[in-house]
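For reference, the structure is listed below as structure tokens.
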Amino acid sequence: CEVRGRNRRTNHRLQLVWRTDVHGGRVWADAAFGPVLRPAIVAPPHTHEAVPDTMPLHRWVMQANPMFGATMIADGLAEAAVADGRLALTLLRAVGQLSVADLPERRGHAGWPSPTPQAQCLGTFEARTALYLHGPMSDDLLSRVRDVCDDVLLPLVGDSWRDLAWAGSYGGPALSGEAFELSAVTVANTDPDAIVLRVVNLTQRSAWGTIHMPTHGPWSVVRCRLDETAIGAADIVDRAFSFEAGPREILTVRVKRCPLGA
36 CEVRGRNRRT
46 NHRLQLVWRT
56 DVHGGRVWAD
66 AAFGPVLRPA
76 IVAPPHTHEA
86 VPDTMPLHRW
96 VMQANPMFGA
106 TMIADGLAEA
116 AVADGRLALT
126 LLRAVGQLSV
136 ADLPERRGHA
146 GWPSPTPQAQ
156 CLGTFEARTA
166 LYLHGPMSDD
176 LLSRVRDVCD
186 DVLLPLVGDS
196 WRDLAWAGSY
206 GGPALSGEAF
216 ELSAVTVANT
226 DPDAIVLRVV
236 NLTQRSAWGT
246 IHMPTHGPWS
256 VVRCRLDETA
266 IGAADIVDRA
276 FSFEAGPREI
286 LTVRVKRCPL
296 GA
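First residue of the sequence shown? That's 36 in our numbering, and the numbers climb one at a time after it.
Here's what the structure looks like:
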């Protein structure tokens, strides 16, 4: 769904709402290292602040019960709201002051009341979103939701470049294993000749996966922490590195081609 419009109002929130007919169940949202459960937040007694009805998301938010489910996919919009039978996506927030004292959720200022006219988001806007209807939550469903997100957010496109010279083909590392997602591929900070791969187990069970190298090795593969500090000896592999990851484990490895004759 492509949404385009022009905002002429100030001091408001604009949402797009999908009616799903999915009632009850639980809510999950995509996050930095895989999906997280988003239970309803109940304000403590005698609180002075109301609980907002929104939640953050990366690419998708899902409501699913034991029979049915619905997932809303968003392209770069990071705020959603879930109610019984509806998924809402915040398209824009028009804000005129850095802090106001008469919010229904909270009385009094939370900061200096400086005007923010550029935050009123006046003018044209556009967004891309999609709705995926499916069955109950499962590990297999997570894999399908990931693929649907790629189809929506990174669709295959074709274009004609008449003057383009064929430059050959280039390969990179590939990950196999339905439980896993490759969340990062980057040049190592500690070694410019190495790359860092970050793999996330999206499921609540231990699983095996394999990282496939683009060419025959030998390759040096070192498990490391997020800051690239090695946590074990290097494994020397030819073209594939198999590993086991625990439930929701984040696996980071530093990969480097071994010198000739090593």
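By construction, the Cβ of each residue, glycine as well, lies at the ideal position given by its N, Cα and C atoms. In this text, all values refer to a predicted model and were calculated from it rather than measured experimentally.
If the criterion is Cβ atoms closer than 8 Å, does the pair residue i and residue j meet it?
{"i": "LEU177", "j": "ALA105", "result": "no"}
{"i": "GLY244", "j": "LEU189", "result": "no"}
{"i": "VAL222", "j": "CYS259", "result": "no"}
{"i": "PRO208", "j": "HIS144", "result": "no"}
{"i": "VAL57", "j": "GLN98", "result": "yes"}
{"i": "ILE285", "j": "PHE68", "result": "yes"}
{"i": "SER218", "j": "ARG240", "result": "no"}
{"i": "ASN46", "j": "GLY158", "result": "no"}
{"i": "ALA85", "j": "PRO139", "result": "yes"}
{"i": "GLU216", "j": "VAL235", "result": "yes"}
{"i": "HIS93", "j": "ALA66", "result": "yes"}
{"i": "MET203", "j": "ALA242", "result": "For clarity, residue 203 is Gly in the given sequence; the question names Met instead. Cβ distance not < 8 Å, so GLY203 and ALA242 don't count as in contact."}
{"i": "HIS83", "j": "ARG44", "result": "no"}
Quick check: what's the CA-CA separation for residue i versus residue j?
{"i": "LEU199", "j": "GLY193", "result": "14 Å"}
{"i": "GLY281", "j": "ASP174", "result": "14 Å"}
{"i": "TRP147", "j": "ASP273", "result": "60 Å"}
{"i": "GLY170", "j": "THR55", "result": "13 Å"}
{"i": "PHE278", "j": "VAL257", "result": "12 Å"}
{"i": "VAL52", "j": "LEU124", "result": "6 Å"}
{"i": "LYS291", "j": "ARG181", "result": "28 Å"}
{"i": "MET172", "j": "HIS251", "result": "39 Å"}
{"i": "PRO294", "j": "ARG121", "result": "57 Å"}
{"i": "ASN91", "j": "TRP196", "result": "Position check: residue 91 holds Pro in this sequence, whereas Asn was assumed. So the alpha carbons of these two residues sit roughly 40 Å apart."}
{"i": "GLN50", "j": "LEU112", "result": "11 Å"}
{"i": "ALA275", "j": "ILE266", "result": "20 Å"}
{"i": "ARG179", "j": "TRP95", "result": "12 Å"}
{"i": "ASP185", "j": "LEU168", "result": "16 Å"}
{"i": "PRO227", "j": "VAL187", "result": "34 Å"}
{"i": "SER255", "j": "VAL220", "result": "16 Å"}
{"i": "SER134", "j": "ARG48", "result": "16 Å"}
{"i": "GLY206", "j": "ASN100", "result": "41 Å"}
{"i": "THR89", "j": "HIS81", "result": "21 Å"}
{"i": "PRO87", "j": "ASN224", "result": "39 Å"}
{"i": "ALA136", "j": "ARG73", "result": "29 Å"}
{"i": "LEU191", "j": "ARG283", "result": "30 Å"}
{"i": "ASP110", "j": "CYS36", "result": "11 Å"}
{"i": "ALA328", "j": "GLY40", "result": "No statement about residue 328 is possible, as the shown extent of the chain runs from 36 to 297 and does not include it."}
{"i": "SER261", "j": "GLN132", "result": "Checking the sequence shown, residue 261 turns out to be Leu, not Ser. Using only the alpha carbons, I get a separation of about 38 Å."}
{"i": "VAL183", "j": "TRP201", "result": "31 Å"}
Contact check, residue i vs residue j under 8 Å by CB: the rounded distance?
{"i": "ALA214", "j": "LEU237", "result": "6 Å"}
{"i": "ILE108", "j": "THR164", "result": "6 Å"}
{"i": "PRO253", "j": "ILE271", "result": "5 Å"}
{"i": "GLU161", "j": "VAL38", "result": "6 Å"}
Within the 8 Å Cβ cut-off, does residue i reach chain B?
{"i": "ARG128", "result": "Note that chain B does not occur in the displayed structure, where there is just one protein chain."}
For this session: Report the residue ranges of all alpha helix (DSSP H) runs contained in full by the segment 170-228; include only those spanning at least 4 residues, in chain order.
Result: As summarised for the segment 170-228, the continuous alpha helix (DSSP H) elements at least 4 residues long and confined to that stretch are 174-188, given in chain order.
For this session: Would you be able to state if there are at least three C-beta pairs under 8 Å between the segment 73-83 and the segment 149-160?
Result: Contact between the segment 149-160 and the segment 73-83 is absent, because fewer than three Cβ pairs lie under 8 Å.
Exercise. At a cut of 8 Å, does the segment 56-71 reach the segment 125-145 through at least three beta carbon pairs?
Worked result: Contact between the segment 56-71 and the segment 125-145 is absent, because fewer than three Cβ pairs lie under 8 Å.
Problem set entry | Whole alpha helix (DSSP H) elements within the segment 36-105, 4-residue minimum | Qualifying alpha helix (DSSP H) stretches: none in this window.
Exercise. Along the chain, which unbroken stretches of the beta strand (DSSP E) at least 3 residues long are found entirely within the segment 250-278?
Worked result: Counting whole runs of 3 or more residues, the segment 250-278 contains the beta strand (DSSP E) stretches 254-259, 270-272.
For this session: Please specify which runs of the beta strand (DSSP E), each continuous and at least 3 residues long, are wholly inside the segment 127-151, giving them in chain order.
Result: Taken in chain order, the whole beta strand (DSSP E) runs of length 3 or more contained in the segment 127-151 number zero.
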